[in-house]
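As structure tokens, the structure follows; a few thoughts come after it.
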Amino acid sequence: MKATLVIENITNLATMSGSDGPRKNKAQKDIGLIKNGVIAISKDKIIYVGEGKLPESIPTDEGTVFIDATGKLVTPGLIDPHTHLVHGGSRENEFSMKLEGKSYLEILSSGGGIHSTAKATKEATFEELYDKAYKSLNIMLEFGVTTVEAKSGYGIGDFETELKQIEVARKLDETHPIDVVPTFMGAHAVPPEYKERSDIFVDKIVNEMIPYIAQNKLAEFCDVFCEEGVFTIEQSRKILLSAKSHGLIPKIHADEIVSIGGAELASEIECISAEHLISASKNGIKKMGEKNVIAVLLPGTSFNLQEGKVADARYMIDNDVAVAIATDYNPGSCPSENLQLMMSFASITLKMTPEEVLTASTINAACAIKRESSIGSIEVGKIADIAIFDVPNIAYMVYHFGVNHTDSVIKKGKIVYKKNGRALN
Ligand SMILES: O=C(O)CC1=NCN=C1
Ligand SMILES: [Zn+2]
């Protein structure tokens with residue numbers, strides 16, 4: 000099979016190879032490093048990974064593109080497994096409230112927060128949501144990201160708006176170089192009109208929305224904001240068990256602000272992942288390790304919320320919980336598409352080593368969205384989603400924070416971004 004693209008003289012090639020599932024404990028540090036590496040790609044697939052020169056057995060011709068990666072770090076395309084990508088409006092008006100000391104939950108319960116984004120998303124047209132999210136995907140691509148999960152959740156009871164978000168995500172998956180993986184999150188907040196009768200709203204989600212999403216195959220995952228003052232443990236259990244019974248894979252926003260047992264529930268239901276976990280109990284973390292629930296940590300959110308605590312990544316890694324990280328890109332608790340910055344935050348604030356952070360942004364992130372069979376590592380037969388960073392090694396990339404280290408991004412074997420190259424429209 001002829002090579003269409005060859006990346007050679009790679010000073011540091013982090014393959015992330017060697018595991019068919021999420022990397023836990025000591026394995027979270029193993030990045031499958033090859034010095035002076037070489038990768039051969041044919042069309043959209045990886046056909047060779049090795050050290051030194053490309054072997055004669057891999058044919059090339061005048062059409063083969065060669066990239067010299069001397070002095071560079073090459074990794075699998077980064078994966079952002081937790082975003083609220085598709086949304087209308089913005090919430091900079093809450094900035095002053097936060098500076099005056101108002102908490103995230105206080106702003107939410109006073110009708111702001113998610114509710115104000117819900118209003119903006121409802122009022123926005125499909126095209127407005129699409130254009131806004133397309134621009135965010137361009138930013139993410141420039142940071143080396145090649146796959147993104149995108150939650151609905153701003154319908155807040157208005158199913159049409161929920162569906163509009165999901166349809167935008169699905170359209171973006173077709174049109175933008177980045178692959179977009181939709182998650183249904185109808186249970187993001189209780190609509191004001193159901194404030195005193197939230198169980199009725201839960202029944203609407205369970206009896207109407209989830210069956211429709213599942214029957215029409217509009218999303219693979221179902222997520223719920225299990226939090227004090229949002230959805231209780233009992234309500235979250237009902238929603239996620241219903242999702243599971245309809246073939247949707249359960250995820251959960253767990254113990255973000257108050258520890259109400261979200262991590263324990265994630266383990267009981269065997270969610271693919273539990274996300275945030277800033278306030279997760281040690282018992283809940285241990286149970287997640289026993290039940291192989293992946294932790295998706297969001298260090299940008301804890302930085303932005305400044306609630307004085309961060310997820311205990313070290314305890315999770317030491318207790319066999321595979322850790323992934325994400326931006327949590329959304330207009331309120333983390334208005335940033337910059338996954339490279341979150342990688343630095345994960346190291347600086349969560350005390351994860353640079354190698355653990357790279358695992359968390361590649362293969363473990365792929366596992367959190369059930370894509371590990373095709374992406375998340377540089378191995379023969381996998382999709383050629385590859386990022387080239389202009390840094391000598393992963394430690395330098397994580398330590399030198401706040402700048403964009405991306406040199407080039409390859410998506411399905413095609414160069415889709417080059418630094419100072421053609422701007423994406
Ligand atoms: O505030 C938002 O829009 C997104 C969010 N949902 C749960 N935590 C953050
Ligand atoms: Zn979130």
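Counted from 1, the sequence shown has number 89 at position 90 by numbering that gives the first Met the number 0; the numbering is strictly sequential. Ideal Cβ placement from N, Cα and C applies to all residues, glycine included. Every value quoted in this text rests on a predicted model; they were computed, and no experiment measured them.
Helix, strand or coil: which one does DSSP assign to residue i?
i      : result
CYS225 : strand
LEU400 : The sequence given here places Phe at residue 400; Leu does not occur at that position. Correct three-state label for PHE400: coil.
PRO249 : strand
SER432 : The shown model of the chain, from 0 to 424, leaves out residue 432, and the question about it has no answer.
GLY427 : The requested residue 427 does not occur in the structure, where the chain is confined to residues 0 to 424.
LEU423 : With a pLDDT of 49 at LEU423, under the threshold of 50, the modelled position of this residue cannot be trusted, and the question is left open.
TYR416 : strand
ALA13  : strand
GLY36  : strand
ALA383 : coil
ASN291 : coil
ILE6   : strand
ALA117 : helix
LYS410 : strand
TYR47  : strand
Just the C-alpha distance for residue i and residue j, rounded to the nearest angstrom, thanks.
i      : j      : result
LYS428 : GLU166 : Examination of residue 428 is not possible in this model, given that the chain is present from 0 through 424 alone.
PRO353 : LYS194 : 44 Å
PHE230 : GLY261 : 10 Å
ASP198 : PRO190 : 11 Å
VAL292 : ILE374 : 19 Å
SER102 : GLU306 : 8 Å
GLU274 : LEU297 : 8 Å
ASP130 : ILE113 : 21 Å
VAL397 : ILE33  : 19 Å
SER151 : GLU207 : 16 Å
ALA26  : SER16  : 11 Å
MET287 : SER241 : 21 Å
CYS366 : GLY111 : 34 Å
VAL295 : LYS281 : 16 Å
LEU276 : SER346 : 17 Å
CYS225 : LYS411 : 36 Å
ALA168 : VAL379 : 29 Å
LEU264 : PRO391 : 42 Å
ALA359 : GLY62  : 35 Å
MET139 : GLY76  : 11 Å
GLU269 : ILE248 : 10 Å
VAL64  : LYS216 : 38 Å
SER109 : ILE155 : 15 Å
GLU161 : VAL223 : 14 Å
Using CA coordinates, which residue listed in the options is at the minimum distance from residue i?
i      : options                        : result
GLY36  : VAL295, HIS81, SER95, VAL5     : VAL5
ILE393 : GLU219, THR300, GLU355, GLY380 : GLU355
ASP172 : ASN137, GLN27, ARG236, PHE142  : ASN137
PRO425 : GLU227, SER235, GLY228, LEU239 : Shown here, the chain extends from 0 to 424; a query on residue 425 therefore has no answer.
ASP384 : LEU12, LYS44, GLU7             : LYS44
PRO330 : ALA132, SER266, GLY401, SER360 : ALA132
ILE204 : GLU219, PHE220, ALA186         : ALA186
LYS52  : ILE9, GLU91, HIS81             : ILE9
ALA13  : LEU357, PHE302, LEU98, SER272  : LEU357
THR426 : THR69, ILE38, SER115           : The first residue shown for the chain is 0 and the last is 424, placing residue 426 beyond what the model contains.
Per DSSP, which one or two residues make a beta bridge with residue i?
i      : result
ASN426 : Limits of the chain in this structure are 0 at one end and 424 at the other, which puts residue 426 out of reach.
VAL180 : GLU148
THR405 : PHE388
HIS275 : ALA253
ALA186 : VAL223
**Item:** Within the segment 294-324, ranges of the alpha helix (DSSP H) (whole runs, at least 4 residues)
**Value:** Here the runs fully enclosed are 298-304, 312-317.
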